[in-house]
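Below is one structure, written out as structure tokens; comments come after it.
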Amino acid sequence: RERNDRKVKKVLNGLRSAAQGNENLMPPIIKAVKAYATLGEIVEVLRGVFGEYRELIII
2 RERNDRKVKK VLNGLRSAAQ GNENLMPPII KAVKAYATLG EIVEVLRGVF GEYRELIII
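For the sequence shown, our numbering assigns the number 2 to the initial residue and increments by one for each residue that follows.
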């Protein structure tokens, strides 16, 4: 199978919408994987919504 970039963009937008709301993220993540979105693309969408965790280091 070949990757359809339009479909990937569509499912990543769906993942972004779900992450911005209060939805279960597994179904949109699974759709993204089935559309051949890369792990990096999926993580980038989630990072864009939730930010990146940085542990507070106290010395």
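For each residue, glycine too, the CB sits at the ideal point set by N, CA and C.
Small disclaimer: the values here were computed from a predicted structure and weren't measured.
Residue i classed as buried or exposed, judged by whether at least 16 other C-beta atoms fall within 10 angstroms
{"i": "Pro28", "result": "exposed"}
Supposed close pair residue i, residue j - CB separation, criterion 8 Å
{"i": "Leu13", "j": "Ala19", "result": "With 8 Å as the limit, Leu13 and Ala19 do not qualify as a contact, their Cβ atoms being about 11 Å apart."}
Cβ-Cβ distance between residue i and residue j below 8 Å
{"i": "Lys32", "j": "Gly52", "result": "no"}
{"i": "Val46", "j": "Arg2", "result": "no"}
{"i": "Gln21", "j": "Val44", "result": "no"}
Cutoff 8 Å: residue i Cβ touching any chain C Cβ
{"i": "Arg17", "result": "Of the protein chains in the structure, only one exists, and it is not chain C."}
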